[in-house]
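A.B. asks: Quick one: this structure, given as structure tokens, is what I'll be asking you about.
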Amino acid sequence: MITAIALVSFTVSPDMPQAKVIKFNQFQSLEKGANTAGNDTTYIFNFFATWCKPCVHELPGFEKLSAEYKGQKVKFTFISLDFAKDFQDKLIPFIKDKNIKSQVYLLDEPDYNSWLDKVDKSWGGSIPASIVINTKRHYYKFYETEMSHDELQTIIAPLITQ
Amino acid sequence: MKKLIKPIVSVVLLPLFVALFMMSAKAPADNTGYKIGDKAADFKLKNVDGKMVSLNEFGSAKGFIIVFTCNHCPFAKAYESRIMGLNAEFASKGYPVIAINPNDPTQVDEDSYNNMKSVAKTKGYKFPYLVDETQEVAKEYGAAHTPHVFVLQKSNSGLVVKYIGAIDDNSADETKVTKHYVADAVTELLAGKEVSVATTKAVGCGIKWSAK
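In structure tokens form, the structure reads like this:
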């Protein structure tokens, strides 16, 4: 994780977490954190790209939900599959423009065939895709589809520990 | 009673058959479409020069590199010169590239037929760039995103699917490619071998399916 933090990082705005470029093993560390036994936080990992129309359409609903559950045990993480060369010119302006307050990472792993299966065997390669994890409640599910605010809320509401 | 049968057939059964046929022609559910070893269907699609193109017209071809691609997608753009390169390398050896744009242009202007024509002309495509207006071919093959490649090999019994997936292992940077999936597959087929990596997964722009 230290290497993840040491990697490229840029300040977006004081109230937003820094967006970072990460490699697959760093994504695995994030997921491992979510999978730690007894962890009662609900994690939502959302794979998107700035060029992906349904992803861009889906994102505000997720961000709204994240704001609504602020202070509760819910963590949204957005994983961008944009090209690493577009980090500064496309992703950073996008985060500002959409006012994304959740953590955003750009996963710089262009050999998709080497890792898509490791995220989830069922993943055909379409985005948006999301993973919902609540280890304490033994919940893990991979969704290869666009979800609305309400659809995601229906999934996560029963998982969230008050 | 006998007189009634015919009208019943046409009034009740015919629409039912039509409905069944239309259902089978709709977008397939996940994980349908061709798998390795399946027989691939020929098609008749309009090229950027206005002429209809079918695979059976390529008498001397040993097979085909079918690439579902489009104009607007950043991945398709990143791969454009590599798609042209595949045709330059393999068309003369019997495996021409056949590019097909399956996107609904009402959803993305850039993928219109007119723009296909101008892209093909500007870039100097030396292979057919076909429009899959009804999206039937993309559905039949099981194409999911652009670019999405299907390598077909001619056999006595028809066209056989030999490779499905990505062009290579680095969409972002051609200079960092280490595995040339499609080129390797075709090279193996030309050498009379089986394809060692027959399927790969890739992220791409999801095909813009028409809502109809």
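Protein sequence lines, in the order shown, are assigned to chains A and B. In terms of my numbering, the first sequence is residues 24 to 185. In terms of my numbering, the second sequence is residues 22 to 233. Using N, Cα and C, we set each Cβ at its ideal position, and we do this for glycine too. As the structure is a prediction and not an experimental result, all values here were calculated from the model.
Let me know the secondary structure DSSP gives H169 of chain B once reduced to three states.
C.D. replies: Reading the second sequence from its first residue, position 148 is the one you call residue 169 of chain B. H169 of chain B: strand per DSSP, three-state reduction.
A.B. asks: Grab me the residues of W138 of chain A's own chain with a C-beta within less than 7 Å of its C-beta, minus the 5 sequence neighbours each way, in chain order.
C.D. replies: Taking the first sequence and counting its residues from 1, one reaches residue 138 of chain A at position 115. Around W138 of chain A: F47, E132.
A.B. asks: Do you know whose CA, among B:N68, B:I87, B:S192, B:D70, lies nearest I108 of chain A's CA?
C.D. replies: To locate residue 108 of chain A, count along the first sequence from 1; it is residue 85. First, the residue type needs correcting, since residue 108 of chain A is Lys and not Ile in the sequence shown. K108 of chain A has its Cα closest to that of B:S192, out of B:N68, B:I87, B:S192, B:D70.
A.B. asks: Just checking, does the region 174 to 184 of chain B make contact with the region 148 to 156 of chain B on the three C-beta pairs under 8 Å criterion?
C.D. replies: No, they do not touch.
A.B. asks: Between N68 of chain B and P149 of chain B, what straight-line distance do the alpha-carbon atoms span, to the nearest angstrom?
C.D. replies: Here residue 68 of chain B corresponds to residue number 47 of the second sequence, with the count starting at 1. Here residue 149 of chain B corresponds to residue number 128 of the second sequence, with the count starting at 1. Near 6 Å, if we compare the C-alpha coordinates of P149 of chain B and N68 of chain B.
A.B. asks: I'd like to check one pair, Y116 of chain B with I86 of chain B: are the Cβ atoms closer than 8 Å?
C.D. replies: Working through the second sequence from its first residue, we reach residue 86 of chain B at position 65. Working through the second sequence from its first residue, we reach residue 116 of chain B at position 95. Their beta carbons are under 8 Å apart, which means I86 of chain B touches Y116 of chain B by this criterion.
A.B. asks: Should A57 of chain A be labelled buried (16 or more other beta-carbon atoms within 10 Å of its own) or exposed?
C.D. replies: For the purposes of this step, residue 57 of chain A is taken as residue 34 along the first sequence, with counting starting at 1. Flag for A57 of chain A reads buried.
A.B. asks: Interface residues of chain A around S192 of chain B at Cβ under 8 Å?
C.D. replies: For the purposes of this step, residue 192 of chain B is identified with residue 171 of the second sequence, where counting begins at 1. Within 8 Å Cβ-Cβ: F106, P133, Y135.
A.B. asks: Spell out whether any CB of chain A is found under 8 Å from the CB atom of K222 of chain B.
C.D. replies: Mapped onto the second sequence, residue 222 of chain B falls at position 201. For K222 of chain B, the closest Cβ of chain A is nearer than 8 Å.
A.B. asks: Three-state secondary structure (DSSP) at P133 of chain A?
C.D. replies: In the first sequence, the residue the question calls residue 133 of chain A occupies position 110. Three-state DSSP puts P133 of chain A in coil, outside helix and strand.
A.B. asks: Could one say the Cβ of G225 of chain B lies closer than 8 Å to chain A's Cβ atoms, at least one of them?
C.D. replies: Within the second sequence, residue 225 of chain B is the residue found at index 204, counting from 1. Answer yes: the Cβ-Cβ gap between G225 of chain B and chain A drops below 8 Å somewhere.
A.B. asks: For chain B, check one thing: does any of its Cβ atoms lie closer than 8 Å to the Cβ of S153 of chain A?
C.D. replies: Here residue 153 of chain A refers to the residue found at position 130 when the first sequence is read from its first residue. Not one chain B Cβ lies under 8 Å of S153 of chain A.
A.B. asks: Using a Cβ cut-off of 7 Å, pull out every chain B residue sitting near I150 of chain A, in sequence order please.
C.D. replies: If you number the first sequence from 1, residue 150 of chain A lands on position 127. V224, listed in chain order.
A.B. asks: Determine the closest residue to K144 of chain A out of A:L130, A:Y166, A:Q176, A:L129, with distance taken between C-alpha atoms.
C.D. replies: Locating residue 144 of chain A in the first sequence gives position 121, where the first residue counts as 1. The residue with the shortest Cα to Cα distance from K144 of chain A is A:Y166.
A.B. asks: Are there 16 or more other CB atoms within 10 angstroms of the CB of M170 of chain A, so buried, or fewer, so exposed?
C.D. replies: Numbered from its first residue, the first sequence carries residue 170 of chain A at position 147. Classification for M170 of chain A: buried.
A.B. asks: Find the nearest neighbour of A204 of chain B within the set B:T143, B:G106, B:I121, judged by alpha-carbon distance.
C.D. replies: Counting from one through the second sequence, the residue named residue 204 of chain B turns up at place 183. Comparing Cα positions, the closest option is B:G106.
A.B. asks: Following the continuous alpha helix (DSSP H) through F85 of chain A, name the residue where it begins and the one where it ends.
C.D. replies: Position 62 of the first sequence, counted from the start, is the residue given in the question as residue 85 of chain A. Segment 76 to 91, the alpha helix (DSSP H) holding F85 of chain A.
A.B. asks: For N136 of chain A, does the count of other Cβ atoms within 10 angstroms reach 16, so buried, or fall short, so exposed?
C.D. replies: What you label residue 136 of chain A is simply residue 113 of the first sequence in a count that begins at 1. Buried, because 16 or more other Cβ atoms sit within 10 Å of the Cβ of N136 of chain A.
A.B. asks: Would you call Q111 of chain A buried or exposed, if buried means 16 or more other Cβ atoms sit within 10 Å of its Cβ?
C.D. replies: Here residue 111 of chain A refers to the residue found at position 88 of the first sequence. An exposed status is given to Q111 of chain A, since fewer than 16 other beta-carbon atoms sit within 10 Å of its beta-carbon.
A.B. asks: Identify each residue in the region 77 to 99 of chain B for which the Cβ-Cβ distance to at least one residue of chain A is less than 7 Å, and report them in chain order.
C.D. replies: P95
A.B. asks: For I119 of chain B, which of helix, strand or coil comes out of DSSP?
C.D. replies: As a first step, residue 119 of chain B is located in the second sequence; it is residue number 98 there, counting from the start. Reduced to three states, the DSSP call for I119 of chain B is strand.
A.B. asks: Between the region 141 to 168 of chain B and chain A, which residues of the former have CB atoms less than 9 Å from a CB of the latter, in chain order?
C.D. replies: Listed by position, the residues of the region 141 to 168 of chain B near chain A (Cβ gap below 9 Å) are A165, H166.
A.B. asks: Compute the beta-carbon to beta-carbon distance between T64 of chain A and K87 of chain A, rounded to the nearest angstrom, for a pair I have assumed lies under 8 Å.
C.D. replies: For the purposes of this step, residue 64 of chain A is identified with residue 41 of the first sequence, where counting begins at 1. For the purposes of this step, residue 87 of chain A is identified with residue 64 of the first sequence, where counting begins at 1. Contact doesn't hold; Cβ gap of about 19 Å is too wide.
A.B. asks: Please state the DSSP three-state secondary structure of G179 of chain B.
C.D. replies: Mapped onto the second sequence, residue 179 of chain B falls at position 158. Strand, per DSSP.
A.B. asks: Taking CB distances under 8 Å as the criterion, tell me whether D112 of chain A reaches chain B.
C.D. replies: For the purposes of this step, residue 112 of chain A is taken as residue 89 along the first sequence, with counting starting at 1. Not one chain B Cβ lies under 8 Å of D112 of chain A.
A.B. asks: Give a yes or no on whether the C-beta atoms belonging to I118 of chain A and A42 of chain A are separated by under 8 Å.
C.D. replies: The residue given as residue 118 of chain A occupies position 95 in the first sequence. The residue given as residue 42 of chain A occupies position 19 in the first sequence. The answer is yes: Cβ separation under 8 Å.
A.B. asks: What is the C-beta distance between D140 of chain A and K222 of chain B, in whole angstroms, given that I count them as a contact (C-beta under 8 Å)?
C.D. replies: Mapped onto the first sequence, residue 140 of chain A falls at position 117. Mapped onto the second sequence, residue 222 of chain B falls at position 201. The pair is a contact, with the Cβ atoms about 7 Å apart (cut-off 8 Å).
A.B. asks: Taking the alpha carbon of K83 of chain B as the point to measure from, which residue in B:G225, B:A212, B:V218 has its own alpha carbon closest?
C.D. replies: As a position in the second sequence, residue 83 of chain B is number 62, starting the count at 1. Comparing Cα-Cα distances from K83 of chain B to each of B:G225, B:A212, B:V218, the minimum goes to B:A212.
A.B. asks: Which partner residues does N69 of chain A have in the DSSP bridge list?
C.D. replies: Counting from one through the first sequence, the residue named residue 69 of chain A turns up at place 46. In the DSSP output, where bridge partners are listed per residue, N69 of chain A has A:F101, A:S153.
A.B. asks: Mapping DSSP to helix, strand and coil, what is A42 of chain A?
C.D. replies: Residue mapping note: residue 42 of chain A aligns to position 19 of the first sequence, counting from 1. Three-state result, A42 of chain A: strand.
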